[in-house]
Amino acid sequence: MSETDGAMLVIAGAGSGKTRVLTYRAAYLIHEKKVPPESIMAITFTNKAAEEMRERIIDLIGKRRYHPWVGTFHRTCANILRNYGPAVGLSDRFTVFDDSEQLAVIKRVMKNNNIDPKPYNPRSFLHRISRAKSHLITPEEFEESANDDFSKKILTVYTQYQMALREQNAFDFDDLLFEACLLLDNHRPTREILQAQYEHLLVDEFQDINPAQYRFIQLIVNPEHKNVFVVGDDDQAIYGWRYADPKFIDKFLDDFKPVNVIKLEDNYRSTDPILKVANEIIRQKTWGIEKTLRTNISGEDPPEFYFRQSEVDEAYFVAETIKEYIDEGGDYGDVVVLYRMNAQSRSFEEVFGRLGLPFQIIGGLRFYQRMEIKDILSYFRILVNDRDRPSLERAINTPKRGIGDKSKDKIFEFMVKNEFGLFDLVENKDDLIEKGLAPSIAKRLPPFLELMGRFRDKSRKLEHVKLLEWIIDKIEYEELLKAEGTYEADARLDNLNELKGAFKSFQEEYPGEGIDRFLEQVSLVSDLDSYQEKTSKITMMTLHSAKGLEFNVVFLPGLEENFLPHSRSQESPKELDEERRLFYVGVTRAKRYLYISCARNRRFRGQSLPQDPSRFLTEIPRDLIKGLEAIEISYRKSMEEPLSISWGSKKKKRVEDDWDIADTEEMPSDAEPIVTRIGSRKKKEKTQVKSEFKVGNTIKHPTFGEGKIIKINPAGGDDNFITIRFEKGVGIKMLSEQKAPLEKI
DNA sequence: CCTCTGGGTATTTTT
DNA sequence: TACCCAGAGG
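Numbering that gives the first Met the number 0 puts the first residue of the first sequence at 0, with every later residue one more than the last.
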């Protein structure tokens with residue numbers, strides 16, 4: 000018996016070097032215990048974390064012929080299903096449906112069953128189904144507890160939703176876990192192969208594990224040796240909404256006993272004043288493992304609190320503070336702005352854009368979710384799985400081939416009845432009418448079928464990039480976009496080029512690997528994975544995405560009731576606790592400087608509403624955060640003036656608020672996150688002021704690059720709005736002459 | 001079949 | 001604000 004045998008749990012406080020613990024464990028097993036690298040499986044939640052762990056392990060053990068398997072739960076399960084599924088008759092060419100595709104299936108099923116989407120929100124069905132699947136509850140098992148009317152409806156939808164997915168040879172995210180568990184559970188040979196192969200299992204972020212994931216761990220760990228090493232921090236559990244439950248920590252202690260438990264409370268990241276605040280936040284928790292973080296890093300800079308008039312003012316405060324940091328020699332890459340919701344990035348995007356601060360946004364709309372990318376990839380997805388309905392629906396009428404919703408429904412009906420995939424249609428294209436397809440449709444289908452036939456032939460000869468170019472060319476997709484002539488279309492063209500780049504690097508990295516691997520990679524990546532650590536840009540992301548990262552300077556704006564804690568989480572103490580942990584996660588990202596702020600009024604969904612500072616701030620002793628007394632003043636004010644009286648409307652508007660008056664005929668799109676969005680308020684009369692620039696001048700902007708001035712008009716005061724057409728997909732922007740750092744060239 | 005418009009409404013977080 | 005969807009009209 001050695002010290003690496005058996006189960007081990009590491010409770011690793013924020014900043015205590017969790018990743019380090021895992022990577023060193025792997026390296027130790029390989030170096031000292033002579034465990035073959037390929038006998039180790041390490042599981043994380045994000046691809047980003049997996050990538051980082053893989054790199055760090057390689058740094059420690061050097062490049063070898065075999066490496067440990069490092070992957071997310073989802074990717075690991077997908078891999079197992081592809082490799083071992085065929086043994087039990089599952090196809091290895093399944094498609095993974097994303098959120099929007101799942102929703103489309105749900106909506107269709109609801110329609111077929113005459114369930115009105117008005118009173119019954121399709122999302123709530125999806126949510127309930129996902130909950131069932133995450134608890135490994137099959138439709139049959141669900142039936143037993145479906146007593147009330149609503150549950151019965153869910154049962155119907157769940158049952159047919161699963162049937163629809165299977166018909167299309169598709170899995171959703173939850174299926175990957177569920178099906179992998181079923182496979183391991185029901186197919187002993189597979190289970191034994193995997194249990195024998197992976198002598199050691201390492202699991203990261205154990206506090207965020209859901210029942211299916213826990214079951215997966217139980218199934219993959221060799222029951223004799225129980226070599227499982229898990230690392231987590233119950234104080235950073237923030238995925239309850241995905242059915243994660245930190246109480247699995249307790250279950251783990253029981254199921255795998257004896258478990259060796261280690262608690263890490265030394266923080267190597269933050270200064271003492273920051274950690275004091277963090278400890279104070281977590282002290283409020285009602286359950287969990289007690290711990291108090293300690294650090295040796297002293298610091299004279301306490302966290303600071305700022306209270307601003309509006310979300311725009313708040314963004315200006317952040318921008319100014321960042322500028323000071325840069326002036327003192329800091330780097331933009333050290334700075335992060337963390338918010339609760341993606342929508343909160345707006346004010347920062349606009350203000351940073353105006354002031355010329357470089358930034359990158361993580362999250363929001365993802366690259367592979369974009370229309371143009373999905374359009375093109377749908378052709379490839381059909382190649383892998385010709386029953387993938389969402390892809391068929393897209394491809395069949397992109398470009399327009401005169402086949403609308405009605406026709407599509409008929410075609411799919413026909414396909415399902417004959418158990419046809421698309422390539423069966425291709426093979427039978429001459430006698431579709433005989434087989435019962437409406438002639439009006441059968442007549443319009445051949446060009447598409449011929450194209451797909453040729454596409455499949457080409458796919459056997461051409462390398463990936465060439466094949467991509469071939470299909471884009473054949474469907475004249477770029478011409479289509481060019482003809483549009485909008486800036487949005489320009490951005491889409493850029494994205495296509497980026498896609499070509501992605502194909503190319505895949506081809507180089509995995510020569511000889513089929514396109515299905517690429518597609519799988521694509522379907523399982525999140526936007527966080529594209530986060531670039533090394534760029535010299537301010538990073539903006541949600542608190543959820545920030546877990547596991549650290550920054551020298553952290554801004555936590557919007558610390559207000561209904562934002563943090565979020566309005567949807569105020570009902571139960573459990574959810575409230577999770578919000579508090581989110582705050583904790585935010586605070587503990589900071590190494591040296593931490594700025595917390597609130598706005599008195601915040602514009603959200605088109606209207607500005609008065610805000611109250613977050614209750615979490617009232618829980619912190621005032622002397623731990625500089626300027627925190629300001630919240631007292633706020634509460635006094637709201638006593639005098641009931642909250643229903645809006646501040647915003649009566650007050651004189653700030654100049655900045657008027658900046659988004661648009662009078663350009665061409666509006667930039669919001670396709671690129673970096674784009675400044677322009678509002679739609681009516682133009683007001685302003686007097687002309689002299690400008691340093693002329694229409695036609697070429698200028699340079701640090702964020703947007705070079706551009707040509709196409710319009711100058713007064714902004715009131717002594718400022719002008721300069722409308723500039725920037726190069727390459729940045730599009731047209733209207734900037735303030737006074738504030739924007741424009742340089743004539 | 002396709003495109004445009006206006007009304008209604010609200011995902012918070014992500015694999 | 002921004003998206004989705006139904007309905008109208010070409």
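A virtual CB, placed ideally from N, CA and C, is assigned to each residue, including glycine.
Thinking just about the alpha-carbon of each residue, which of the options is nearest to the one in residue i?
i    : options                   : result
Y213 : I42, V335 and I114        : I42
D173 : L182, K132, L201 and H186 : K132
L527 : T534, E519 and T541       : T541
D387 : L80, Q606, E497 and Q167  : Q167
D374 : N384, M414, L391 and R365 : L391
M7   : E142, S150, N417 and K225 : K225
V584 : S568, L498, F550 and S566 : F550
P170 : R599, S129 and I372       : The residue you asked about is not Pro; residue 170 is Phe in the sequence shown. Residue S129 is the option with its Cα nearest to F170.
E178 : N78, E742, G239 and I708  : N78
S475 : V521, L492 and F351       : Note that residue 475 is Glu in the sequence shown here, rather than Ser. The option with the nearest alpha carbon to E475 is L492.
According to DSSP, what are the bridge partners of residue i?
i    : result
T697 : K707
S309 : N600
N82  : In DSSP, N82 forms no bridge with anything.
H73  : Answer is none; H73 lacks a bridge partner.
L337 : M540
W68  : M40
Taking only three categories from DSSP, how would you classify residue i?
i    : result
K738 : coil
R365 : coil
R591 : strand
G435 : coil
S535 : coil
R614 : helix
R724 : strand
E303 : strand
S690 : coil
F447 : helix
Q569 : coil
F411 : helix
V108 : helix
K32  : coil
S607 : strand
V230 : strand
K625 : strand
Q520 : helix
I10  : strand
Mind checking residue i: buried by the 16 CB within 10 Å criterion, or exposed?
i    : result
F411 : buried
Y65  : exposed
Q368 : exposed
H30  : exposed
V87  : exposed
E628 : exposed
E664 : Below a pLDDT of 50, predicted positions are generally treated as unreliable, and E664, at 29, falls in that range; the measurement from the model is reported next regardless. Exposed, since its Cβ has fewer than 16 Cβ neighbours within 10 Å.
T697 : exposed
What number of angstroms, rounded off, separates the C-alpha of residue i from the C-alpha of residue j?
i    : j    : result
A545 : V20  : 19 Å
G329 : Q359 : 17 Å
R604 : Q343 : 11 Å
K407 : A103 : 14 Å
T22  : L28  : 10 Å
S38  : D232 : 26 Å
K47  : R74  : 12 Å
E327 : P740 : 19 Å
E323 : F316 : 11 Å
W753 : D58  : The structure shown does not extend to residue 753, since the chain is modelled only from 0 through 744, so no value can be given for it.
I395 : Y160 : 23 Å
P118 : S99  : 20 Å
K110 : V156 : 10 Å
I281 : L563 : 15 Å
L263 : M370 : 46 Å
K503 : H463 : 8 Å
K755 : A11  : No statement about residue 755 is possible, as the shown extent of the chain runs from 0 to 744 and does not include it.
P357 : I630 : 31 Å
K399 : I372 : 17 Å
S377 : H700 : 37 Å
V335 : T534 : 12 Å
D265 : D184 : 40 Å
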